[in-house]
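K.L.:
What follows is a structure written as structure tokens; I'll ask about it next.
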Amino acid sequence: MTEPIVLTTENCKNKRLDSFLAEAVEGVSRSAAAKLIESGCVAVDGKTAAKSCRLTGAETVAVTLPEPEPIDAVPQDIPLDVVYEDDDVIVVNKPSGLVVHPAPGHPDGTLVNALLYHCAGSLSGVGGALRPGIVHRIDRDTSGLIIAAKNDFSHRGLAAQLKDHTLARTYECIVVGNMRDDSGTVDAPIARDARDRKRMAVVNGGREAVTHYEVVARYPGYTHVRCRLETGRTHQIRVHMAYIGHPILGDTVYGAKKPVPGLTGQCLHAAGLRFIHPRTGEAVELSCPLPEEFTAMLKKLDK
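So for the sequence shown, the working numbering puts the first residue at 1; every next one is plus one.
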């Protein structure tokens, strides 16, 4: 076990213990916080407490994080389009169709397997055995920039930027229909769809989700849109665009059920990434071009 992290609950009156930990501890989700509490790794004023415990705002919370799990994923020589790399971080332009980390149905052939080979096993252990180095994820059928950490120091620094929104991500997509406004913001909470646990949905009481968007170009029946994430919920842009009546072209989960000829998945690309380097403190701003499928679809629409 690592040395305990000691936190105070000032300004957190009436907040649930698991929610407090998810916001206060870098790299810890609410579900992970619940597991830490249930396993006895969290003490409130020296005593164990339930994950649903409501804080008074005057407690001291000690969190003991377990040592990183050994990495189970195996290195595989899979080509990578590396956009940026140093001793601490690596940024890759992920192609559509590549799964980020091993999961049921995808035990290997993932970005993690490729990173383990490319980085010779030098990745952070914060994400656990199957997600070494992974700071944030993008969907299998979404292309574009994704950052991974080569050590725990960098991982925790980048995870903190995800929480305070200093790690900025910009996406481009083609949506169905003509958007009425040239720019706008979708501020709608997201949670699991109660009718289908594989889907996400806008749900009252869900986690805060904010997406800013602007129109890049208009075509008959379609709109080329640029989105900036203020938060990073699962499927956020896909859910938000569908919620305002403009599902992403090729998205068979939140839009039309039939795939679009010429597209591997949804027409969604993580085109820009900006972060503060966790070791140097300098701003790093990166971009990558639209994939061939995306540009080909724009040319088709332009005709």
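Even glycine gets a Cβ: it sits at the ideal position worked out from N, Cα and C.
Report yes if the C-beta distance between Arg226 and Glu214 is below 7 Å; otherwise report no.
P.N.:
On the sequence shown, residue 226 is found 226 positions in, with the first residue counted as 1. On the sequence shown, residue 214 is found 214 positions in, with the first residue counted as 1. Their beta carbons are under 7 Å apart, which means Arg226 touches Glu214 by this criterion.
K.L.:
Quick check: what's the CA-CA separation for Pro187 versus Thr48?
P.N.:
To locate residue 187, count along the sequence shown from 1; it is residue 187. To locate residue 48, count along the sequence shown from 1; it is residue 48. It should be pointed out that residue 187 corresponds to Asp in this sequence rather than to Pro. Rounded to whole angstroms, Asp187 to Thr48 spans 36 Å at the Cα level.
K.L.:
Under a Cβ-count criterion, where at least 16 other Cβ atoms within 10 Å of its own Cβ denotes burial, should Pro66 be classed as buried or exposed?
P.N.:
Working through the sequence shown from its first residue, we reach residue 66 at position 66. It is exposed - the Cβ of Pro66 has fewer than 16 other Cβ atoms within 10 Å.
K.L.:
Check the C-beta distance from Gly304 over to Ile248 and give it rounded, since I have them as a contact under 8 Å.
P.N.:
Past the boundaries of the shown model lies residue 304; the chain is included only from 1 to 303, so the question cannot be answered.
K.L.:
Following the continuous beta strand (DSSP E) through Leu7, name the residue where it begins and the one where it ends.
P.N.:
Numbered from 1 along the sequence shown, position 7 holds the residue referred to as residue 7. Per DSSP, Leu7 belongs to the beta strand (DSSP E) from 5-8.
K.L.:
Could you spell out the range, first to last residue, of the alpha helix (DSSP H) harbouring Met297?
P.N.:
For the purposes of this step, residue 297 is taken as the residue at position 297 of the sequence shown. Unbroken alpha helix (DSSP H) run through Met297: 292-302.
K.L.:
For Thr9, I'd like the list of residues in its chain whose CB is within less than 8 Å of its CB, leaving aside the five on either flank, ordered along the chain.
P.N.:
As a first step, residue 9 must be located in the sequence shown, where it is residue number 9. Excluding residues within five positions, the ones whose Cβ falls inside 8 Å are Lys15, Phe20, Leu55, Thr56, Gly57, Ala58, Glu59, Thr60, Val61.
K.L.:
To the nearest angstrom, how far is the alpha carbon of Ala283 from that of Ile276?
P.N.:
Along the sequence shown, read from residue 1 onward, the residue named residue 283 stands at position 283. Along the sequence shown, read from residue 1 onward, the residue named residue 276 stands at position 276. Taking the straight line joining both Cα atoms gives about 4 Å.
K.L.:
Mind checking which residues open and close the alpha helix (DSSP H) that includes Tyr117?
P.N.:
For the purposes of this step, residue 117 is taken as the residue at position 117 of the sequence shown. Residues 111-118.
K.L.:
Would you call Ser52 buried or exposed, if buried means 16 or more other Cβ atoms sit within 10 Å of its Cβ?
P.N.:
As a first step, residue 52 is located in the sequence shown; it is residue number 52 there, counting from the start. By the 10 Å Cβ count, Ser52 comes out exposed.
K.L.:
If we require 4 or more residues per run, which alpha helix (DSSP H) segments fall completely within the stretch 24-56?
P.N.:
Complete alpha helix (DSSP H) runs here, min 4: 30-38.
K.L.:
Check each candidate in Leu290, Val216, Lys300 and name the one with the smallest Cα separation from Ser96.
P.N.:
In the sequence shown, counting from the first residue as 1, residue 96 sits at position 96. For the residues Leu290, Val216, Lys300, the minimum Cα distance to Ser96 belongs to Leu290.
K.L.:
Would you check if there are 3 or more beta carbon pairs closer than 8 Å linking the stretch 86-94 to the stretch 143-152?
P.N.:
With the cut-off at 8 Å, the stretch 86-94 and the stretch 143-152 touch.
K.L.:
Is the CB-CB distance between Leu123 and Pro132 below 7 Å?
P.N.:
Numbered from its first residue, the sequence shown carries residue 123 at position 123. Numbered from its first residue, the sequence shown carries residue 132 at position 132. Going by C-beta atoms, Leu123 is nearer than 7 Å to Pro132.
K.L.:
Which runs of the beta strand (DSSP E) spanning at least 3 residues fall entirely within the stretch 185-267, listed in chain order?
P.N.:
Listed in chain order, the complete beta strand (DSSP E) runs (minimum 3 residues) inside the stretch 185-267 are 190-193, 196-202, 210-219, 222-229.
K.L.:
Under the assumption that Gln236 contacts Thr264 (Cβ atoms under 8 Å), give the Cβ distance between them as a whole number of angstroms.
P.N.:
Numbered from its first residue, the sequence shown carries residue 236 at position 236. Numbered from its first residue, the sequence shown carries residue 264 at position 264. Between Thr264 and Gln236 the Cβ distance is about 20 Å, and since that is not below 8 Å, they are no contact.
K.L.:
Taking Cβ to Cβ, would you say Ala73 is nearer than 7 Å to Val112?
P.N.:
Working through the sequence shown from its first residue, we reach residue 73 at position 73. Working through the sequence shown from its first residue, we reach residue 112 at position 112. Closer than 7 Å, so yes.
K.L.:
Return the chain-ordered list of same chain residues with a C-beta closer than 7 Å to the C-beta of Asn11, the five sequence neighbours on each side being excluded.
P.N.:
Along the sequence shown, read from residue 1 onward, the residue named residue 11 stands at position 11. Hits under 7 Å: Gly57.
K.L.:
Taking 7 Å as the cut-off, decide whether the C-beta atoms of Val28 and Ala22 are in contact.
P.N.:
As a first step, residue 28 is located in the sequence shown; it is residue number 28 there, counting from the start. As a first step, residue 22 is located in the sequence shown; it is residue number 22 there, counting from the start. Going by C-beta atoms, Val28 is nearer than 7 Å to Ala22.
K.L.:
Does DSSP put Lys163 in a helix, a strand or coil?
P.N.:
Taking the sequence shown and counting its residues from 1, the one referred to as residue 163 is at position 163. Helix.
K.L.:
Just to confirm, is the Cβ distance from Val176 to His246 under 7 Å?
P.N.:
To locate residue 176, count along the sequence shown from 1; it is residue 176. To locate residue 246, count along the sequence shown from 1; it is residue 246. Going by C-beta atoms, Val176 is nearer than 7 Å to His246.
K.L.:
Spatial neighbours of Arg319 within its chain, please: CB distance less than 6 Å, with the 5 preceding and 5 following residues excluded, ordered by chain position.
P.N.:
Limits of the chain in this structure are 1 at one end and 303 at the other, which puts residue 319 out of reach.
K.L.:
Compare the Cα-Cα distances from Val83 to each of Gly205, Asp302, Lys299, Ser287 and report the closest residue.
P.N.:
Sequence index remark: in the sequence shown, residue 83 carries index 83 (1-based). Val83 has its Cα closest to that of Ser287, out of Gly205, Asp302, Lys299, Ser287.
K.L.:
Beta-carbon within less than 8 Å of Ile5's beta-carbon, same chain only, minus the 5 sequence neighbours each way: which residues are those?
P.N.:
Position 5 of the sequence shown holds residue 5. Excluding positions up to five away in sequence, the list reads Val25, Ala62, Val63, Thr64, Leu65.
K.L.:
Would you report the Cα separation of Pro107 and Leu115, rounded to the nearest angstrom?
P.N.:
Translated into the one-based positions of the sequence shown, residue 107 becomes position 107. Translated into the one-based positions of the sequence shown, residue 115 becomes position 115. Roughly 15 Å between the two C-alpha positions.
K.L.:
DSSP on His155, reduced to helix/strand/coil?
P.N.:
Along the sequence shown, one-based indexing puts residue 155 at 155. Reduced to three states, the DSSP call for His155 is helix.
K.L.:
Quick one: residues in its chain with C-beta nearer than 7 Å to the C-beta of Val202, no 5 flanking neighbours on either side, listed in chain order?
P.N.:
For the purposes of this step, residue 202 is taken as residue 202 along the sequence shown, with counting starting at 1. These residues qualify, in order along the chain: Ala188, Pro189, Ile190, Val239, Tyr243.
K.L.:
Which residue comes first and which comes last in the beta strand (DSSP E) that contains Ile90?
P.N.:
Residue mapping note: residue 90 aligns to position 90 of the sequence shown, counting from 1. Start and end: 89-94.
K.L.:
Taking DSSP as the reference, what is the three-state secondary structure of Leu21?
P.N.:
Your numbering for residue 21 matches position 21 in the sequence shown. If DSSP states are grouped into helix, strand and coil, Leu21 belongs with the helices.
K.L.:
Is it buried or exposed for His165, if we count other Cβ within 10 angstroms and need 16 for buried?
P.N.:
Within the sequence shown, residue 165 is the residue found at index 165, counting from 1. Looking at its Cβ environment, which holds fewer than 16 other Cβ atoms inside 10 Å, His165 is exposed.
K.L.:
DSSP beta-bridge partners for Arg16?
P.N.:
Reading the sequence shown from its first residue, position 16 is the one you call residue 16. Answer is Arg54, bridged to Arg16.
K.L.:
Going straight from the alpha carbon of Met1 to that of Cys41, what length do you get?
P.N.:
As a working note, residue 1 is residue 1 in the sequence shown. As a working note, residue 41 is residue 41 in the sequence shown. Reliability fails at Met1, whose pLDDT of 49 lies under 50, so the model's placement of it is uncertain and no value is given.
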